[in-house]
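In the working numbering, the protein residues as written are 49 to 380. C-beta: ideal position from N, C-alpha, C; glycine also. Since the model is a prediction, treat every value here as computed from it, not as a measurement. Written out below as structure tokens is the structure these notes cover.
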């Protein structure tokens, strides 16, 4: 019937019939669909009787299996001022709603809107009770959602509560609150995250064998690794890392300046020509050549030289210091 109403008289008839039974209907397996159909078909002004009823009884409605769904649909269909009023009423009762198996979904739905005008006042209502709510099954999900959606100032205010005294250790050992700590580490600003990490480190050995302890240890190790890798990115600015400077100091200067060179085995190591060559190039020819296979053409052979007398070798000067295999591999 509601699907096909078209005149103002028909609309008023429906309103008169339902306006005093809204709360009962939203808790009924079939009646809640009637109210939801009204929300779909009536204008926000005509559906005002629904918003007034559920807003004034938001705890009764929001903590019911069917009522919590109707309350979320009311948030969807309400106009601007109706929506703001309804969310304000829910916010004032949010402490009771977040601890309920169904009511917590209503509060999370408001947080998912990601509107600071709604999010921050809602998060503020949990002030002074963050550790307590973090240790409960349903409200811990809401606190996690707050840490994901609130602004940085509100996040810091919330995190500050479980950094006081020994609350952090209690939360880390709790099967629900440890997830709140992990979410805080993932979504807070860098300075606050470092404070959490430093506060967790002394507690970590005693919880490392638990599943959540291993996850938290993994997050800290990943953060430390990222921090070290960011700190070692100095090479991108033209600065050598300490490891590179150590290797460079162990390699003789003349080796660092020499390319791979071409050596002619037929050259004698005695006589004037050998002496001149040795004095100018450290005992090797200054020319650099490409290696050639036994089947290659003469195009790779240096001009004026025979391809059968050419051997591609690398210099083997006598080093004054001993280099480890890994250091040589790194250099070459």
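CA-CA distance, residue 255 to residue 187, rounds to 23 Å. The residues 195, 207, 244, in chain order, have a CB closer than 7 Å to that of residue 232 in the same chain once the five nearest residues on each side in sequence are set aside. Residue 271 has its alpha-carbon roughly 46 Å from the corresponding atom of residue 105. With 16 or more other CB atoms across the displayed protein chains lying within 10 angstroms of its CB, residue 170 is buried.
Check the Cα spacing between residue 88 and each of 130, 50, 242: the tightest is with 50. Residue 183 sits close to residue 224, with the two beta carbons spaced by under 7 Å. Burial check for residue 68: the Cβ neighbour count within 10 Å stays below 16, so the residue is exposed. Of the candidates 269, 227, 220, 166, the residue whose Cα lies closest to the Cα of residue 199 is 166.
Going by DSSP, residue 166 is part of the alpha helix (DSSP H) stretching over 164-172. The alpha-carbon of residue 99 is positioned some 37 Å away from that of residue 229.
If you draw a 10 Å sphere on the C-beta of residue 210, you find 16 or more other C-beta atoms in it, and that means buried. Look at residue 269 here: in three-state DSSP terms it is helix.
For residue 231, the enclosing alpha helix (DSSP H) has its first and last residue at 225-235.
Around residue 248, the same chain offers 216, 220, 229, 264, 268 as residues with beta carbons nearer than 8 Å, after the five sequence neighbours per side are excluded.
Residue environment for residue 52: exposed (fewer than 16 other C-beta atoms within 10 angstroms of its C-beta). Of the residues 177, 95, 107, the one whose Cα lies closest to the Cα of residue 56 is 95. Per DSSP, residue 69 lies in no alpha helix (DSSP H) and is assigned neither H nor E. With at least 16 other beta carbons inside 10 angstroms of its own, residue 131 counts as buried. Burial check for residue 134: the Cβ neighbour count within 10 Å reaches 16 or more, so the residue is buried. Going by C-alpha positions, residue 63 is about 15 Å away from residue 72. Counting only residues of its own chain and dropping the five nearest sequence neighbours on each side, residue 261 has a CB closer than 6 Å to the CB of 255.
The C-alpha of residue 161 lies about 34 Å from the C-alpha of residue 58. At a Cβ-Cβ threshold of 7 Å, residue 118 and residue 158 do not count as neighbours. With fewer than 16 other CB atoms across the displayed protein chains lying within 10 angstroms of its CB, residue 61 is exposed. Taking 8 Å as the upper bound for CB-CB distance, residue 92 and residue 136 are not in contact here, some 17 Å apart. Residue 141 and residue 107 have their alpha carbons spaced roughly 7 Å apart. Residue 239 and residue 78 have their C-alpha atoms spaced approximately 52 Å apart. Closest in alpha carbon position to residue 151, among 257, 179, 112, is 112. The shortest CA-to-CA distance from residue 149 to any of 172, 226, 189 is the one to 189.
Taking 8 Å as the upper bound for CB-CB distance, residue 103 and residue 145 are not in contact here, some 13 Å apart.
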